[in-house]
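Position 262 of the sequence shown, counting from 1, maps to 262 under my numbering, and the rest follow consecutively.
We put the beta carbon where it would ideally sit given N, CA and C, even for glycine.
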Amino acid sequence: MSGMTIEQRWEAFFRYGPYLLLGVAGLMAFLSADVVGMTGTERRVAVAAAGAACALQLWWDRTRTGVSGHHPAGRAYYALRTLVAFVLCWVNPFFSIYAIMGYFDSGHLLPRRFVRAGLLCTAVIMAGAQCGSGLPPASPANWGAFAALFALHFSLALVFGNISERESERTEQQKETISELERANTRLEEALAENAALHVQLLVQAREAGVADERRRLAAEIHDTLAQGLTGIIAQLQAAASTADPAQAREHLDRAAGLARHSLGEARRSVHDLVPTELVHDDLPGALRKTVTEWARRTGVRADLTVTGTAEPLHDEVGATLLRIAGEALANTARHADAARAGVTLSYMEDEITLDVRDDGRGFDPAVPPPRGTTGGFGLVGMRARAERIAGTVEVESEPGLGTAVSARVPLVRRG
């Protein structure tokens, strides 16, 4: 996998991802069958639909090598897979793990005029599966949850639709850019032999910094903002559906609506490549302080922020990178560490800035890879990728039972 290009990794995901997601969803559905109250008929329908999904994927794996572009076979595959996902989510909401595949390959399989329709269908399925009672919603509270979740998933559909359109435009622009850079670098190579290194660098940027870089950036933004927003919204909606007190239910729904509005704003900012909302009105120490305080309030874990050195105005990309790394490190602490205390230290030095996130949790062995099939989002890999984009590094120190320390070190680039 380490020698594969970004395009090859996405190709592997499109080939094997549906099987993996279906397997995980099937396992979760089997374990939760009694909890969600699946009848014998629903269990048989789930088995039959899962078998149909596997057969459909096998057919598409044989067919896709012989077609190109937006072939009718690809449209048929997308439509049938969406229908099977709808049936599976109807009998058990955990099959939404499989249905989410519809967000990723709509731009590859559908003509541009049908992409948003495909994404909208996926949004309906995901919202229905996550509203608390499956499809169809069973109560007014569940209908309210469905409406809020649909609004959020609709914003996700808009994000993925824009991703597809931007990728198409960037592909055409990339071809023109490669041609122009090759001509320019040929002239530079003839004039100055010492510019050969720059020539290579520009060519590498032209080949790899286009669609792949945009896809990584948007995927990381969605993971760091919308995924965490979804988690909070689902928790609030489930709490609203489970309480008999109308006042408490309204409070939970108001919180869910606030999270949905915030996530929608982050989705729009991600599409337009703007800085995080936390950095619009605050500098990095202020934004980090709010992030740490909100995380401590939400998790009940004591957390402190320490700033050393003289704070300076940073380039937007540097501030956004460190803020996102801090958020992901704290999210990992909440998910995995079972810590009683966490500390964040931001250190300004002469030509670099460091961010350290420590906890006293259970720790782990960094040399041991995570189990296959685990769902950890971008995690440590994503943090390292973010830092490397601005010539920085991320190091992790941890031992079982002795806590974890994540240290990010990036150049101190001042705001121009």
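Option in V84, R75, A33 with minimal Cα separation from L109:
Residue 109 sits at position 109 when you count from the first residue of the sequence shown. Selected option, being the one with the closest Cα: R75.
For the beta strand (DSSP E) that contains A367, what are its first and last residues?
Counting from 1 along the sequence shown, the entry for residue 367 is found at position 367. Careful: A367 lies outside any beta strand (DSSP E) and carries neither H nor E.
Let me make sure I understand the geometry here. Which of V280, A334, L314, L323 has the alpha-carbon closest to that of A303?
If you number the sequence shown from 1, residue 303 lands on position 303. Measuring from the Cα of A303, the nearest candidate turns out to be A334.
Short Cβ contact (8 Å threshold) for V357 with A329:
If you number the sequence shown from 1, residue 357 lands on position 357. If you number the sequence shown from 1, residue 329 lands on position 329. Contact annotation: V357 and A329 have beta-carbon atoms nearer than 8 Å.
Could you check what DSSP says for L346 in three-state terms: helix, strand or coil?
The residue you call residue 346 lines up with position 346 of the sequence shown. In the structure shown, L346 adopts extended strand secondary structure according to DSSP, grouped into three states.
Under 8 Å, do Y98 and L88 count as touching if we go by C-beta distance?
The residue given as residue 98 occupies position 98 in the sequence shown. The residue given as residue 88 occupies position 88 in the sequence shown. Yes; because the gap between Cβ atoms is below 8 Å, this pair is in contact.
Strictly by DSSP, which residues pair up with D359?
Here residue 359 corresponds to residue number 359 of the sequence shown, with the count starting at 1. For D359, which the question treats as bridged, DSSP gives the partners A342, T404.
According to DSSP, L314 sits in a beta bridge with which residue or residues?
Sequence index remark: in the sequence shown, residue 314 carries index 314 (1-based). Here L314 is bridged, per DSSP, to R414.
If you draw a straight line from the C-alpha of A241 to the C-alpha of A249, how long is it?
Sequence index remark: in the sequence shown, residue 241 carries index 241 (1-based). Sequence index remark: in the sequence shown, residue 249 carries index 249 (1-based). Here the alpha carbon of A241 sits roughly 7 Å from the alpha carbon of A249.
Given a cut-off of 8 Å on the beta-carbon distance, is the pair L188 and L284 in contact?
In the sequence shown, the residue the question calls residue 188 occupies position 188. In the sequence shown, the residue the question calls residue 284 occupies position 284. L284 sits away from L188, with the two beta carbons spaced by 8 Å or more.
Cα separation between P72 and R43?
As a working mapping, residue 72 is identified with position 72 in the sequence shown. As a working mapping, residue 43 is identified with position 43 in the sequence shown. Rounded to the nearest angstrom, the two C-alpha atoms are 32 Å apart.
Is it right to say G40 is buried, meaning 16 or more other beta carbons lie within 10 angstroms of its own, or is it exposed?
Here residue 40 corresponds to residue number 40 of the sequence shown, with the count starting at 1. G40 is exposed by the Cβ-count criterion.
Who are the Cβ neighbours of A296 in its own chain at under 6 Å, not counting the five residues just before and after it?
In the sequence shown, the residue the question calls residue 296 occupies position 296. Counting only Cβ-Cβ distances below 6 Å, and skipping sequence neighbours, we find A303.
DSSP three-state call for L109: helix, strand or coil?
The residue you call residue 109 lines up with position 109 of the sequence shown. For L109, the secondary structure class from DSSP, reduced to helix, strand or coil, is helix.
Can you give the Cα-Cα distance for V406 and G327, rounded to whole angstroms?
For the purposes of this step, residue 406 is taken as the residue at position 406 of the sequence shown. For the purposes of this step, residue 327 is taken as the residue at position 327 of the sequence shown. Rounded to whole angstroms, the gap between the alpha carbons of V406 and G327 is 12 Å.
State the start and end residues of the unbroken beta strand (DSSP E) segment that holds E399.
Taking the sequence shown and counting its residues from 1, one reaches residue 399 at position 399. Segment: none, E399 is in no beta strand (DSSP E) and carries neither H nor E.
When the Cα of E399 is compared with those of G363, D338, E180, L279, which residue comes out closest?
Taking the sequence shown and counting its residues from 1, one reaches residue 399 at position 399. Nearest C-alpha to E399: G363.
To the nearest angstrom, how far is the alpha carbon of G258 from that of A247?
In the sequence shown, residue 258 corresponds to position 258, counting from 1. In the sequence shown, residue 247 corresponds to position 247, counting from 1. Those two C-alpha atoms are separated by around 17 Å.
The beta strand (DSSP E) enclosing R386, as first and last residue numbers:
Start at 1 with the first residue of the sequence shown, and residue 386 comes out as number 386. That residue, R386, is in no beta strand (DSSP E); its alpha helix (DSSP H) goes 379 to 389.
Quick one: measure Cβ to Cβ for A260 and L120, integer angstroms, because I've assumed they're closer than 8 Å.
The residue you call residue 260 lines up with position 260 of the sequence shown. The residue you call residue 120 lines up with position 120 of the sequence shown. Actually they do not touch by this definition, with Cβ atoms about 17 Å apart.
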